[in-house]
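For the sequence shown, UniProt numbering assigns the number 1 to the initial residue and increments by one for each residue that follows. Just so you know, even glycine gets a beta-carbon here, dropped at the ideal spot from N, CA and C.
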Amino acid sequence: MNSLDRSLYESVNRFARNTSFAHGFMSAYAVYGGLVVLGLLGFWAFFRARNVGALQSARVVWVGAATLIALGLNQPIIHFFGRPRPYNSIPGMEVLIARANDFSFPSDHGTVAGAMIVGLLLVDRKVGIFAAVFGLFLGFARVYVGAHYPGDIVAGLIWAGLFVAVTLPLATKLLSRPAEYLLHTGFAPVISSGGRRAI
Numbered sequence: 001m002n003s004l005d006r007s008l009y010e011s012v013n014r015f016a017r018n019t020s021f022a023h024g025f026m027s028a029y030a031v032y033g034g035l036v037v038l039g040l041l042g043f044w045a046f047f048r049a050r051n052v053g054a055l056q057s058a059r060v061v062w063v064g065a066a067t068l069i070a071l072g073l074n075q076p077i078i079h080f081f082g083r084p085r086p087y088n089s090i091p092g093m094e095v096l097i098a099r100a101n102d103f104s105f106p107s108d109h110g111t112v113a114g115a116m117i118v119g120l121l122l123v124d125r126k127v128g129i130f131a132a133v134f135g136l137f138l139g140f141a142r143v144y145v146g147a148h149y150p151g152d153i154v155a156g157l158i159w160a161g162l163f164v165a166v167t168l169p170l171a172t173k174l175l176s177r178p179a180e181y182l183l184h185t186g187f188a189p190v191i192s193s194g195g196r197r198a199i
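Next up, the structure:
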C-alpha cells in the first residue's frame with residue numbers, strides 16, 4: 001500500500017510540475033479555499049433546511065458540529081500513526097505551500113471534507129452533491145500541492161464520513177425535543193422559516 005501511495009503521489013507531483021499555471025489557484029484552494037467553500041455550502045444547507053423545519057435545521061447544525069468533533073478527534077489519531085509528510089520522506093518533490101512539521105495521516109483537510117460530504121448528502125442531497133465535488137477536489141488539491149499522500153486523504157474521507165453517518169441518526173433523536181422547544185422561543189425564526197408552526 002505504501003508503494004502504491006508513493007507512486008500515486010509522485011505521479012500527481014509530476015503533473016503539478018507540468019501545470020505551473022494552476023499553482024496559485026491550487027495552493028489557495030488547498031489551504032483555505034476548499035474549506036471556505038465547504039463552509040458556505042453548510043450555510044446554504046442550513047438556509048434550505050429552514051424551509052423544511054426546525055429539526056432539519058438542527059440536523060444541519062449537527063453536521064457542522066460533528067465535523068469539528070471529527071477534526072478534534074483526528075489529532076490523537078494523527079500522532080498515533082505518526083506518518084511523516086511525503087516531502088519529508090521523498091527528496092526533490094514539488095511543494096507549493098508552506099511545509100508543516102506535523103504528521104500527515106489521516107489528513108485534517110480530508111477529515112473535514114469527508115464529514116461535510118457525507119453529512120450534507122444525508123441531510124440535503126442537492127447541497128451534498130456540490131459538497132462531494134468540491135470536497136473531493138480539495139483532497140486532490142492537497143496531494144497536488146505536495147502536502148499529502150493520496151492515502152492520507154482517503155483515510156480522512158472514510159473515517160470522518162463514517163463518524164457522521166453513525167452519529168447523525170442518534171443526533172436526530174436527541175435534537176428533536178430541543179428543536180421543538182426552540183420553536184416556542186425567540187429563536188423560532190432562525191431555525192424555521194415557518195416560525196413556531198414547523199418542526
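With respect to A141, A45 sits apart: the two C-beta atoms are not nearer than 8 Å. Between L96 and A16, the CB-CB gap stays under 8 Å.
Distance from the CA of V60 to the CA of G53, rounded to the nearest whole angstrom, comes to 11 Å.
With the rule of 3 Cβ pairs closer than 8 Å, the stretch 96 to 107 counts as touching the stretch 73 to 87.
In this structure, DSSP gives F105 a state outside helix and strand, which the three-state scheme calls coil. For the stretch 40 to 89, the full-length alpha helix (DSSP H) segments reaching 4 residues or more read 54 to 81 and 86 to 89 along the chain. Assignment of N2 by DSSP, reduced to helix, strand and coil, places it in the helix class. DSSP places D152 within a helical segment (H, G or I) once states are collapsed to three.
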